[in-house]
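First up is the structure itself, then whatever we jot down about it.
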Amino acid sequence: MDRTAGFIDVGTNSVHMLVVRFYEGSLGTPIYQDKEAVRLGKSLYGQGKFDPETIEKTRVVLSKFKDIAEGMGVEEIVAYATCAAREAPNASELLDAARKAGVDLRIISGLEEARLTRLGVVGPDCARRTLLMDIGGGSTEVTIAEGRNNLYMDSMSLGAVRFAYGEGFDPSQRITPKQYDFLRRQVDTASYRSVGRIRDLGFEEAIGSSGTLMALAAILAAKRGDDDASYIDYNELKELMKDLCRMTAEERSRVPKLSSNRAEIIIGGGAVAEELMFLFGISRLEISPNGLREGMRTEYLLEHDEKDFDIRSSSVVTLAARCGCDTEHSEAVAEYAARIYDSLCTEGVFARNDRWRSLLGYAAQLHDVGEFISYEDHADFSYLIIRNAYLAGFDNEELEAIAQIARMHHSSMPGQSGKGLSRIPREDIPPLVQCALILKVADILDRGRDRSIDSVSLTKDEDSISMHIKSKKDISMVVWKLKSVSSDFKKVFGRRLAVYAEHGGSA
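Numbering-wise, our numbering puts 393 at position 403 of the sequence shown, and it's gapless, one number per residue.
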């Protein structure tokens, strides 16, 4: 499928647009994103319906977005409205305004919003049982996903804008402990059914999405001073909300990483986040920047005869293409890495783990994306690109692992101590370092970027690991380079590397 499509999400707080260029075998490349705060929820929850000024502003934004999309060659625009439009008694006026702007706007249900958000965050196939939580302006969607199934979905009347303007408080002023406790009790009431069901089902990982959660994660990261906005710690959030409640909106707007547009609504969103994390038993919530629009993009692919695409592979292929990677080299390295991994497993050097084997494969495909910035220090740039590319279908832990494997392919191995790997769980450090060394060796095997190695296998001896290579070409430089990593093999696998080659330069 070669075409360009636009995806518009008319939310309770803002109107967002994503433009994606699709091509065969790819998840598509985003070429434009924009948003405009229209605050449909402010008039709805404050006055009971959309006011004419807000509807007109929404029409202007939709008209402008449509013009931008068409200027980029968009052939189709998919536009959905969510919670505010579901609840407003005069939602038809909003739909009429959208039609005047040339946009066919459809109102979707809360459960459909939950389903699409799941597609956007983890894709159609979820490796682990995962709790997904999206805190919007008017509603909060929760889903338990596993494999291709949604074991539970709910849409609750909880949101940042709803709480800011619909509970009788002045969000521009300080919020008293009594007022904040009232908001938390509202969360308890609205989530009662979901809490029991989710506790019964259980989950291995929790992922949050939405602007509210991303803003809270960014504030906490700035407060810690580590710039790691990939998660929210419950105890840190609890203390942050106490601090924010003591401030006026003007004072909140000066908090690092909190925009003035969110100064009035952050308390409501934070109350939902804090209480749901408590009720669901979440100590750490991973944060994804993906959500409804990305789910609309995935759904679009599934509806256009791309039902068999692998979202993880498609994400990797798309990023590699965007960065202009040498595809033949990356494929050769991935192939050699798989052979080496399988040989080491067969020899009993370590136990086979399909998850780590696949992460190694993705890292092999992306190990040189940093060359897009500069060849010098490209491994470090590869880490930064992979870690911040928000690859669909991967969780934060997997992205960190792929990025670290790619980063280390051009450096000496850290051994089992895990130096420089503070974001990796301690039990994952040994397999990660093993994969990084395998990638390093696989990259050396294609040193000439000519796919000259015909076969490679490894055997385990008493004090060494022997690598047997065959090639019709002279691969002397490959052999010399491989011998230089013998000490890394000793450090990581407890055995030195011995290289035996049959090639055009010698026998």
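Using N, Cα and C, we set each Cβ at its ideal position, and we do this for glycine too. For clarity, every value in this text was computed on a predicted model and none was experimentally measured.
Query raised in the report: DSSP puts Lys25 in a beta bridge; with which residues?
Result: Taking the first residue of the sequence shown as 1, we reach residue 25 at position 35. Per DSSP, His6.
Query raised in the report: Taking buried to mean at least 16 other C-beta atoms within 10 Å of its own C-beta, is Glu264 buried or exposed?
Result: In the sequence shown, residue 264 corresponds to position 274, counting from 1. The residue in question, Glu264, is buried, as its Cβ has 16 or more Cβ neighbours within 10 Å.
**Report entry** Nearest-angstrom Cα separation, counted from Ala91 out to Phe55
**Finding:** Along the sequence shown, one-based indexing puts residue 55 at 65. Along the sequence shown, one-based indexing puts residue 91 at 101. Those two C-alpha atoms are separated by around 9 angstroms.
Report task. Check each candidate in Ser220, Ile21 and Pro114 and name the one with the smallest Cα separation from Ser303. Result -> To locate residue 303, count along the sequence shown from 1; it is residue 313. Ranking the options by Cα distance to Ser303, first place goes to Pro114.
Report task. Identify the continuous alpha helix (DSSP H) that holds Tyr352 and give its terminal residues. Result -> As a working mapping, residue 352 is identified with position 362 in the sequence shown. First-last of the alpha helix (DSSP H) with Tyr352: Asp344 to Leu356.
Query raised in the report: So, do the segment 9 to 28 and the segment 305 to 314 have three or more beta carbon pairs nearer to each other than 8 angstroms?
Result: yes
Requested in this report: Take Ser320 and list the residues in its own chain whose beta-carbon comes closer than 8 angstroms to its own, dropping the five residues that flank it on each side.
Outcome: For this step, residue 320 is matched to residue 330 along the sequence shown. If we look at Ser320 and ignore the five residues flanking it on each side, its Cβ neighbours are Ala310, Ala354, Gln355, Leu356, His357 and Asp358.
Report task. State the CB to CB distance for the pair Met467 and Arg439, rounded to an integer number of angstroms; the pair is presumed to be in contact (CB under 8 angstroms). Result -> Here residue 467 is taken as the residue at index 477 of the sequence shown, counted from 1. Here residue 439 is taken as the residue at index 449 of the sequence shown, counted from 1. Their Cβ separation, rounded to whole angstroms, is 12 angstroms, which puts Met467 and Arg439 out of contact at 8 angstroms.
Query raised in the report: Cβ of Thr2 within 8 angstroms of Cβ of Gly126?
Result: Taking the sequence shown and counting its residues from 1, one reaches residue 2 at position 12. Taking the sequence shown and counting its residues from 1, one reaches residue 126 at position 136. Cβ atoms of Thr2 and Gly126: closer than 8 angstroms.
**Report entry** alpha helix (DSSP H) runs wholly inside the segment 306 to 336, at least 4 long, in chain order
**Finding:** 317 to 336
Requested in this report: May I ask you to report which of helix, strand or coil DSSP gives Asp(-8)?
Outcome: Taking the sequence shown and counting its residues from 1, the one referred to as residue -8 is at position 2. Note: Asp(-8) maps to coil in three-state DSSP.
Query raised in the report: Is DSSP giving Ala502 helix, strand or coil here?
Result: Any property of residue 502 remains undetermined from this structure, which presents the chain solely from -9 to 497.
Query raised in the report: What are the boundary residues of the beta strand (DSSP E) that includes Arg49?
Result: On the sequence shown, residue 49 is found 59 positions in, with the first residue counted as 1. Unbroken run through Arg49 is the alpha helix (DSSP H), Pro42 to Gly61; no beta strand (DSSP E).
Query - contact_flag[the segment 116 to 132, the segment 227 to 236] where n(CB pairs < 8 angstroms) is 3 or more - result: no
Report task. Please report the Cβ distance between Ile434 and Ile459, rounded to the nearest whole angstrom; I am assuming they are in contact, meaning their Cβ atoms lie under 8 angstroms. Result -> As a working mapping, residue 434 is identified with position 444 in the sequence shown. As a working mapping, residue 459 is identified with position 469 in the sequence shown. 11 angstroms between Cβ atoms; not a contact.
Requested in this report: Return the residue from the list Asn343, Met286 and Tyr224 that minimises the CA-CA distance to Ala69.
Outcome: For this step, residue 69 is matched to residue 79 along the sequence shown. Nearest option by C-alpha distance: Met286.
Report task. Count the CB pairs spanning the segment 318 to 338 and the segment 96 to 108 that are closer than 8 angstroms, and state whether there are at least three. Result -> no
Query - Contained alpha helix (DSSP H) runs [length at least 4] in the segment 141 to 198, N- to C-terminal order - result: 150 to 156, 167 to 180 and 182 to 191
Report task. Counting only the same chain and skipping the five closest in sequence on each side, list residues whose C-beta sits under 8 angstroms from that of Ala497. Result -> Against the sequence shown, residue 497 aligns to sequence position 507. Because the pLDDT at Ala497 is just 45, under 50, the model does not fix this residue reliably, and the value given afterwards should be weighed accordingly. Nothing listed; no residue qualifies.
Query raised in the report: In this structure, what does DSSP give as the bridge partners for Val0?
Result: Counting from one through the sequence shown, the residue named residue 0 turns up at place 10. Per DSSP, Val5 and Ala71.
Query raised in the report: Would the beta-carbon of Ser33 fall within 8 angstroms of that of Thr44?
Result: The sequence position of residue 33 within the sequence shown is 43, counting from 1. The sequence position of residue 44 within the sequence shown is 54, counting from 1. Yes, these two residues count as a Cβ contact at 8 angstroms.
Query raised in the report: Taking the C-alpha atoms as reference points, what is the distance between Ile215 and Phe371?
Result: Position 225 of the sequence shown holds residue 215. Position 381 of the sequence shown holds residue 371. Inspection of the sequence shows that residue 215 is occupied by Gly rather than by Ile. Their backbone Cα atoms lie some 21 angstroms apart in a straight line.
Query raised in the report: Just to confirm, are Ser199 and Ser278 a CB contact at a threshold of 8 angstroms?
Result: Working through the sequence shown from its first residue, we reach residue 199 at position 209. Working through the sequence shown from its first residue, we reach residue 278 at position 288. Cβ atoms of Ser199 and Ser278: closer than 8 angstroms.
Report task. Kindly indicate which three-state DSSP category Tyr13 falls into: helix, strand or coil? Result -> Here residue 13 corresponds to residue number 23 of the sequence shown, with the count starting at 1. Coil, per DSSP.
Query raised in the report: With distances taken from CA atoms, which of Glu131, Ser162, Leu85 and Leu210 is nearest Met237?
Result: As a first step, residue 237 is located in the sequence shown; it is residue number 247 there, counting from the start. Nearest option by C-alpha distance: Ser162.
Report task. Answer yes or no: do Ala196 and Glu284 have a C-beta to C-beta separation smaller than 8 angstroms? Result -> Against the sequence shown, residue 196 aligns to sequence position 206. Against the sequence shown, residue 284 aligns to sequence position 294. The answer is no: Cβ separation not under 8 angstroms.
Query raised in the report: In its own chain, which residues sit with a C-beta less than 8 angstroms from the C-beta of Arg274, not counting the 5 before and 5 after it?
Result: As a first step, residue 274 is located in the sequence shown; it is residue number 284 there, counting from the start. These residues qualify, in order along the chain: Ala196, Tyr221, Ile222, Asp223 and Tyr224.
Query - DSSP three-state assignment for Met457, whether helix, strand or coil - result: For the purposes of this step, residue 457 is identified with residue 467 of the sequence shown, where counting begins at 1. The answer is strand: DSSP assigns Met457 an E or B state.
**Report entry** Own chain residues within Cβ distance below 6 angstroms of Arg174, not counting five before or after
**Finding:** Position 184 of the sequence shown holds residue 174. Closer than 6 angstroms at the Cβ level, and outside the excluded window around Arg174, lie Ala261 and Glu265.
Query - Proximity to Ile455 [Cα-Cα], best of Ala208, Phe479, Gly18 and Lys471 - result: Residue mapping note: residue 455 aligns to position 465 of the sequence shown, counting from 1. The option with the nearest alpha carbon to Ile455 is Phe479.
**Report entry** Residues near Ser147 in its chain [Cβ-Cβ closer than 7 angstroms; skip 5 each side]
**Finding:** Here residue 147 corresponds to residue number 157 of the sequence shown, with the count starting at 1. Closer than 7 angstroms at Cβ, skipping near neighbours: Ser129 and Ala180.
Report task. Mind the definition here: the segment 79 to 89 touches the segment 56 to 66 only if three or more C-beta pairs lie below 8 angstroms; say whether that holds. Result -> no
Query - Own chain partners of Glu254 with C-beta closer than 7 angstroms, once the 5 adjacent residues on each side are dropped - result: On the sequence shown, residue 254 is found 264 positions in, with the first residue counted as 1. The answer, listed in chain order, is Ala154, Pro161, Ser162 and Ala239.
Report task. For the beta strand (DSSP E) containing Gly285, list its first residue and its last residue. Result -> Numbered from its first residue, the sequence shown carries residue 285 at position 295. Gly285 -> not in any beta strand (DSSP E); alpha helix (DSSP H) instead, spanning Leu282 to Glu293.
Query raised in the report: Near Asn251, which residues of its chain fall below 8 angstroms by C-beta distance, leaving aside the five closest residues on each side in sequence?
Result: Residue mapping note: residue 251 aligns to position 261 of the sequence shown, counting from 1. Here the set comprises Ala27.
Query raised in the report: For Ile392, which option in Glu417, Ser402, Leu429 and Ser364 has the closest C-alpha, if you only look at C-alpha atoms?
Result: In the sequence shown, residue 392 corresponds to position 402, counting from 1. Closest by alpha carbon: Leu429.
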